[in-house]
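Worksheet: one structure, shown below.
Below is the structure:
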């Protein structure tokens, strides 16, 4: 299905970003450290985000979405991440699920699920990774066997954001066992919409993580879960392509979360070095500190440019979109983690304290270099595309 989102004027986008900033600073930022410490998932605040239109940023308006472009979305997500990268990242994953249903779902699937998801009265989870299939996503072993008018799903998904809280799970499962290995493995995978109340669906304990504590991460366990054939998302055998197309957007969204976290950390560091005195003068008078800030700001601007270029590539359906998204994700998440870590260093011992918030951002941004495809896999995608183009 091809969708063309209407362009947003600069004034319209500025008004949306202002509204997101006001909401994020009033309803999220003051609670971010507490939610992190208590590992609290703020369903009520996410519901408010849904009322603001953040539950379906790039979903069509006829089912409650905001109908915005990817170029608009990355600006909005960066602003949200300045308040809390963990919450912003959860919103991006939820949005990815909504986009997949909007893009590949039948009209009945769109009408059934998207009004609830766009309003964030319910949440969506993306289930691709497995305990033995991370970077090699085509090697998944979760199976979906046809049984009359149903499919029976059995397997385990790992590192699933929102597991146990979501109302629907998009599960990638192998419908053609003959493609379980080798070059054709991706062709035997299909995507299914699995409701949260399905018999046989259960969840592992909430993982104890380095960061992202305000959102749950659990295993999703499917023990002969039966779903009707109408739960198939897209066509049979199309699941891997659907999953990868969603990851293009997922990668730039996570990169945008990194931009927001790094911008917040840079702003705090810039303020701190002007207030902190050592050896009788402010830190801001030290050349090494000035150089550090200059490098941080330069890398952040370069990362932002790559992310926005990649978002435009998605909107324009550029032929090299996968490579551009991989470049943006790799560069931005690496650079932004370094920026946050340097901000911590500039704060000295205070940066290591929870109350200052810097160490939380460092912990939250670290995982962005791993998820939505590790940055090593991003290099594989980029390198293969370059080599293919030179033949």
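Numbering (the working numbering), first residue to last: 5 to 395. No residue lacks a Cβ here, since even glycine has one placed at the ideal position from N, Cα and C.
- Between the stretch 252-263 and the stretch 326-334 there are three or more C-beta pairs closer than 8 Å, enough to call the two in contact.
- Going by beta carbons, residue 189 and residue 176 fall outside the 7 Å limit.
- Distance check between residue 208 and each of 192, 216 and 227 places 227 closest, using alpha-carbon atoms only.
- In this structure residue 318 touches residue 74 by the C-beta definition: roughly 4 Å separates them, less than 8 Å.
- For residue 162, there is no enclosing alpha helix (DSSP H); the enclosing beta strand (DSSP E) covers residues 154-165.
- Annotation: residue 356 to residue 86 spans about 19 Å, alpha carbon to alpha carbon.
- Within the same chain, and ignoring the five residues on either side of residue 27 in sequence, the residues whose Cβ sits closer than 6 Å to its Cβ are 56.
- Residue pairing for residue 193: DSSP places it in a beta bridge opposite 178.
- A contact is defined here as three or more CB-CB pairs under 8 Å, and the stretch 333-353 meets this definition with respect to the stretch 270-277.
- Taking all protein chains in view, the Cβ of residue 46 is crowded by 16 or more other Cβ atoms within 10 Å, so the residue is classified as buried.
- Counting along the chain, residue 343 sits inside the alpha helix (DSSP H) bounded by residues 325-350.
- Looking at 49, 246, 364 and 388, the one whose alpha-carbon comes closest to that of residue 105 is 246.
- DSSP, read as helix, strand or coil, puts residue 265 in helix.
- Given a length threshold of 4 residues, each whole run of the alpha helix (DSSP H) inside the stretch 272-331 is given here in chain order: 291-319.
- 91 is the residue among 91, 78 and 40 whose C-alpha sits nearest the C-alpha of residue 51.
- Remark: C-beta atoms of residue 88 and residue 53 do not approach each other more closely than 7 Å.
- Judged by DSSP secondary structure, residue 53 falls within the alpha helix (DSSP H) whose first and last residues are 47-55.
- The three-state secondary structure of residue 225, taken from DSSP, is strand.
- Annotated three-state conformation of residue 94 is helix, per DSSP.
- Per the C-alpha coordinates, the member of 210, 167 and 360 positioned closest to residue 201 is 167.
- Only residues of its own chain outside the window of five on either side were considered, and among them 287 have a CB closer than 6 Å to the CB of residue 280, listed in chain order.
- Beta-bridge annotation (DSSP): residue 128 is paired with 172.
- Remark: three or more beta-carbon pairs, one from each stretch, lie closer than 8 Å, so the stretch 337-344 and the stretch 368-381 are flagged as touching.
- Judged by DSSP in its simplified three-state form, residue 135 adopts coil rather than helix or strand.
- Looking at the DSSP output, residue 17 shares a beta bridge with no other residue.
- Residue 158 and residue 231 have their C-alpha atoms roughly 11 Å apart.
- Residue pairing by DSSP places residue 199 opposite 172 in a beta bridge.
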